[in-house]
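Undergrad:
Numbering (UniProt numbering), first residue to last: 1 to 385.
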């Protein structure tokens, strides 16, 4: 436990940090779970479904891609792999230098050298108590739904349209009534002009509105896919679940409908794309972690500029570490300015009153640290500055 000081009660306390979930996009979650990613035969980090094309293109193998299977074996740990390659190279060198040495003797020397080396030897997330990276990396709706299946559907549509059909869709999309939607104003011409470079907010708009504007522009199979994706998206973005069993039952049906619709248009997508293969895992993830919108990384995207600024002076040998150090430094500053305590020579100390007054009086620093006091607006009044 972390030993710290509770300021309001003036007592020492101990805190245990827990990692309940690891929200991220699919490549990062694969790395966190020591999984090899999407360019392998078994694309799901949560199960062993998949295999070579001879298996996935068979009736049995293809059907298994629709179902969630559990596994307890097999990892691809980049950190461990780094050390394994070093140990194998050193073992060959030692054997070449002393051909008469036994393998057991070389192994003992290598083990002693390995233990003496600093740093992590395996994925540190595998050592976190109570955390299973392969199962505690829930399917993330921004990258899997919006930037995944919606993007695949949109590409299938606009690549099949001629210019006349594209222009007609722009007119229909721009005429959308937004009264019941929580989306920004639709820029239909922009969406069509940059149709291959859209971001999450554009795909969220298309997911909710596209079904009303594609009549006579798509085939029956494409229209079935659009409807299936729209229904699935409406269910996944629900922030509250009143009846979990009924919700999960509906979710299984809608996921199956989406996969069936993709199978009618482009069956190879289900074999090749990890984002389609992880859809069935949504059922278990929601059962364990509740609504998907709670661990969506969509809100994190607005902090990308801050992450970049934190690494501007980095040598970019380990930018993530430099960013983490920068955020730790900022947290230390917040802790000191707000009157937090830390331990020095078995005594809990904090900054003096003049340092603490900086935060109380300087509104510029308050704004930068996000600690501006809430002011209730008074009807009929307005600030002068």
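Positions of the beta carbon are idealized from the N, C-alpha and C atoms, including for glycine.
Near residue 293, which residues of its chain fall below 8 angstroms by C-beta distance, leaving aside the five closest residues on each side in sequence?
TA: Excluding sequence neighbours, residue 293 sits near 141, 236, 237, 238, 239.
Undergrad: Quick check on residue 74: does DSSP put it in helix, strand or coil?
TA: In this prediction, residue 74 scores a pLDDT of 42, lower than 50, which makes its location untrustworthy; no coordinate-derived value is stated.
Undergrad: In three-state DSSP terms, what is residue 68?
TA: For residue 68, the predicted model reports a pLDDT of 45, less than 50, meaning its position is unreliable; a value from the coordinates is still stated below. Residue 68: coil per DSSP, three-state reduction.
Undergrad: Between the segment 281 to 288 and the segment 126 to 139, do at least 3 Cβ pairs fall closer than 8 angstroms?
TA: Taking 8 angstroms as the limit for Cβ pairs, the verdict is that the segment 126 to 139 does touch the segment 281 to 288.
Undergrad: Should residue 31 be labelled buried (16 or more other beta-carbon atoms within 10 Å of its own) or exposed?
TA: Burial call: buried.
Undergrad: In chain order, what are the residue ranges of uninterrupted alpha helix (DSSP H) at least 4 long that sit wholly in the segment 112 to 167?
TA: The qualifying runs are 151 to 158.
Undergrad: Is DSSP giving residue 356 helix, strand or coil here?
TA: Helix.
Undergrad: Excluding the 5 residues preceding and the 5 following residue 168 in the sequence, name in chain order all residues of the same chain whose CB lies nearer than 6 angstroms to its CB.
TA: Closer than 6 angstroms at the Cβ level, and outside the excluded window around residue 168, lies no residue.
Undergrad: Find the nearest neighbour of residue 287 within the set 317, 242, 318, 307, judged by alpha-carbon distance.
TA: Out of 317, 242, 318, 307, 242 has the C-alpha closest to the C-alpha of residue 287.
Undergrad: Along the chain, which unbroken stretches of the alpha helix (DSSP H) at least 4 residues long are found entirely within the segment 270 to 357?
TA: Here the runs fully enclosed are 274 to 277, 281 to 289, 304 to 310, 319 to 337.
Undergrad: Over the uninterrupted beta strand (DSSP E) stretch that includes residue 187, give me the two end residues.
TA: Counting along the chain, residue 187 falls outside any beta strand (DSSP E), and DSSP gives it neither H nor E.
Undergrad: Which residue wins for smallest C-alpha separation from residue 188, given the options 153, 180, 205?
TA: The shortest Cα separation from residue 188 among 153, 180, 205 belongs to 205.
Undergrad: Can you pull the DSSP bridge partners for residue 5?
TA: Paired residue(s): 12.
Undergrad: Where residue 102 and residue 113 are concerned, what is the direct C-alpha to C-alpha distance, given to the nearest angstrom?
TA: Near 17 angstroms, if we compare the C-alpha coordinates of residue 113 and residue 102.
Undergrad: What three-state label does DSSP hand residue 237 in the structure shown?
TA: The answer is coil: DSSP assigns residue 237 none of H, G, I, E or B.
Undergrad: What residue does the alpha helix (DSSP H) around residue 247 start on, and which one ends it?
TA: Unbroken alpha helix (DSSP H) run through residue 247: 244 to 265.
Undergrad: Hey, out of 11, 274, 193, whose CA is closest to residue 147's CA?
TA: The shortest C-alpha separation from residue 147 is found at 274.
Undergrad: Which same chain residues end up closer than 6 angstroms to residue 228 when comparing Cβ atoms and leaving out the 5 residues on each side of it in sequence?
TA: Once the five neighbours on either side are set aside, the close Cβ partners of residue 228 are 257, 258, 261.
Undergrad: Taking only three categories from DSSP, how would you classify residue 371?
TA: Residue state, collapsed to three classes: coil.
Undergrad: Compare the beta carbon distance of residue 19 and residue 2 with 8 angstroms and say whether it is the shorter of the two.
TA: Not closer than 8 angstroms, so no.
Undergrad: Beta-carbon separation of residue 124 and residue 33 under 8 angstroms?
TA: Not in contact: residue 124 and residue 33 (Cβ atoms no closer than 8 angstroms).
Undergrad: Less than 7 angstroms between C-beta atoms, sequence neighbours within five positions excluded: which residues of the same chain meet that for residue 149?
TA: Same-chain partners within the cutoff: 229, 258, 275, 276.
Undergrad: For my contact list, residue 359 and residue 348 are in at a C-beta cut-off of 8 angstroms; report their separation, rounded to the angstrom.
TA: In fact, because the Cβ distance is near 20 angstroms, the residues do not count as touching under 8 angstroms.
Undergrad: Could you check what DSSP says for residue 218 in three-state terms: helix, strand or coil?
TA: Coil at residue 218, not helix or strand.
Undergrad: At which residues does the alpha helix (DSSP H) containing residue 32 begin and terminate?
TA: Here the alpha helix (DSSP H) through residue 32 covers 26 to 32.
Undergrad: Going by C-alpha distance, which of 221, 249, 107, 265 is nearest residue 232?
TA: If we check each option's Cα against that of residue 232, 249 comes out closest.
Undergrad: Ignore the nearest five residues each way along the sequence and tell me which others in residue 246's own chain have a CB closer than 8 angstroms to its CB.
TA: Closer than 8 angstroms at the Cβ level, and outside the excluded window around residue 246, lies no residue.
Undergrad: Starting from residue 202, trace the alpha helix (DSSP H) both ways and give me its first and last residue.
TA: Segment 200 to 209, the alpha helix (DSSP H) holding residue 202.
Undergrad: Would you call the CB atoms of residue 327 and residue 310 closer than 8 angstroms?
TA: For residue 327 and residue 310, yes; Cβs fall inside 8 angstroms.
Undergrad: So, under 8 angstroms CB-CB, residue 90 and residue 110 are touching, yes? Tell me the CB distance rounded to an integer number of Å.
TA: That pair is a contact at about 6 angstroms.
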